[in-house]
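Engineer:
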């Protein structure tokens with residue numbers, strides 16, 4: 009029988025009516041084929057360092073906040089955040105010159121799903137996180153309710169089955185605020201759980217948008233369909249999103265305006281890379297809009313009529 013997620017109080021922040029995000033309404037889908045792993049053991053290669061280094065940070069120091077679950081149990085099963093979905097984006101942003109902050113729904117220590125660090129799943133980014141001591145950044149995080157969109161350029165929602173418990177309600181207000189402020193929103197795998205109750209004005213944030221997320225097939229292959237209250241792919245479609253999934257355990261990422269989503273752990277680095285591209289587009293648009301027009305230069309005496 010399905011396990012209902014416990015009620016989690018939403019951050020005490022009211023979401024204002026959303027303004028049109030200041031980024032081009034571009035829809036970009038990136039699907040990268042990879043050799044499909046065995047259905048019951050979806051392992052994958054370490055993150056592609058060349059991909060992580062392919063996009064440099066936009067001009068000026070950009071700030072990114074990665075939001076993770078605080079839930080360490082789903083029903084009677086131990087869970088948490090999926091490590092690669094924190095560490096892959098963390099180093100993608102950090103290596104591109106961004107300031108990166110880790111936070112969680114309730115604050116305090118971020119629980120990591122032990123399965124994500126097993127032999128079949130642990131990645132180069134996970135190992136780097138341990139070897140550099142950056143893993144200590146998981147120990148004492150501030151709660152999502154303390155976030156101020158003015159302090160960041162991008163909000164990234166890391167996945168893991170813990171998000172099933174606390175993201176739908178716990179991330180909704182923060183995601184809505186960031187989106188209304190025109191910030192880039194990234195989400196990977198089960199991270200889109202944080203989009204379910206997020207709004208754009210008076211409608212679901214994902215309504216009419218092209219997105220992706222952990223697929224029904226993948227949920228079945230990891231034998232978790234009876235543990236989740238609903239299938240995330242079905243829920244995205246129910247909310248009016250154009251949810252496009254690819255073959256299980258292949259990289260699949262979609263950018264629709266300010267919203268960037270990815271299907272699974274294999275997509276974590278690509279989603280972060282697209283977030284960097286979206287921030288770069290915003291920065292370019294801001295620079296162009298701040299340039300004086302020829303007539304303004306004439307009026308200031310810089311140019312002759």
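Numbering (this note's numbering), first residue to last: 9 to 313.
Yeah, the Cβ is synthetic: ideal placement off N, Cα and C, and Gly gets one too.
Tell me whether the beta-carbon of residue 235 lies closer than 8 Å to the beta-carbon of residue 102.
Structural biologist: No, these two residues do not count as a Cβ contact at 8 Å.
Engineer: Pairing CB atoms from the region 168-179 with CB atoms from the region 116-123, are three or more of them under 8 Å?
Structural biologist: Yes, the region 168-179 touches the region 116-123.
Engineer: Measure the C-alpha to C-alpha separation of residue 155 and residue 73 and round it to an integer number of angstroms.
Structural biologist: Cα-Cα distance, rounded: 9 Å.
Engineer: With distances taken Cα to Cα, identify the nearest neighbour of residue 177 among 203, 255, 214.
Structural biologist: If we check each option's Cα against that of residue 177, 203 comes out closest.
Engineer: Identify every residue that forms a DSSP beta bridge with residue 164.
Structural biologist: For residue 164, which the question treats as bridged, DSSP gives the partners 74, 194.
Engineer: To the nearest angstrom, how far is it from the Cα of residue 146 to the Cα of residue 239?
Structural biologist: Between residue 146 and residue 239, the C-alpha separation is close to 28 Å.
Engineer: Tell me the DSSP secondary structure of residue 151 in three-state form.
Structural biologist: Note: residue 151 maps to strand in three-state DSSP.
Engineer: Which residues does DSSP pair with residue 81 in a beta bridge?
Structural biologist: In the DSSP output, where bridge partners are listed per residue, residue 81 has 86.
Engineer: Looking at the unbroken alpha helix (DSSP H) that takes in residue 230, where does it start and where does it end?
Structural biologist: Neither: residue 230 is in no alpha helix (DSSP H) and is coded neither H nor E.
Engineer: Could you give the DSSP three-state label for residue 100: helix, strand or coil?
Structural biologist: Looking at residue 100 - three-state DSSP - the assignment turns out to be helix.
Engineer: Can you tell me which of the three DSSP states residue 272 falls into?
Structural biologist: In the structure shown, residue 272 sits in coil (DSSP, three-state: anything other than H, G, I, E or B).
Engineer: Do you know how far the Cα of residue 215 is from the Cα of residue 180?
Structural biologist: Each residue's alpha carbon lies about 15 Å from the other.
Engineer: For residue 96, count neighbouring Cβ atoms within 10 angstroms of its own Cβ and tell me buried if that reaches 16, exposed if not.
Structural biologist: Buried.
Engineer: Going by DSSP in three states, residue 144 sits in which element: helix, strand or coil?
Structural biologist: Residue 144 falls in the helix class under three-state DSSP.
Engineer: Apply the 10 Å Cβ neighbour rule to residue 212 and answer buried if 16 or more other Cβ atoms are within range, or exposed otherwise.
Structural biologist: With 16 or more Cβ atoms within 10 Å of its Cβ, residue 212 is classed as buried.
Engineer: On the criterion of 16 or more Cβ atoms from any shown chain inside 10 Å, does residue 161 qualify as buried, or is it exposed?
Structural biologist: That one is buried.
Engineer: Leaving out five residues on either side along the sequence, give the residues of the same chain with a beta carbon under 6 Å from the beta carbon of residue 282.
Structural biologist: If we look at residue 282 and ignore the five residues flanking it on each side, its Cβ neighbours are 261, 263, 268.
Engineer: Considering residue 260, what are the terminal residues of the alpha helix (DSSP H) in which it resides?
Structural biologist: Where residue 260 is concerned, there is no enclosing alpha helix (DSSP H), although the beta strand (DSSP E) it sits in stretches over 259-264.
Engineer: If you reduce the DSSP assignment to three classes, tell me which class residue 307 lands in.
Structural biologist: Helix at residue 307.
Engineer: Pop quiz: residue 259 and residue 244 are said to be a contact at Cβ under 8 Å. What is the actual Cβ separation, rounded to whole angstroms?
Structural biologist: The pair is not a contact, with the Cβ atoms about 18 Å apart (cut-off 8 Å).
Engineer: Less than 8 Å between the beta carbons of residue 158 and residue 187, yes or no?
Structural biologist: Their beta carbons are not under 8 Å apart, which means residue 158 does not touch residue 187 by this criterion.
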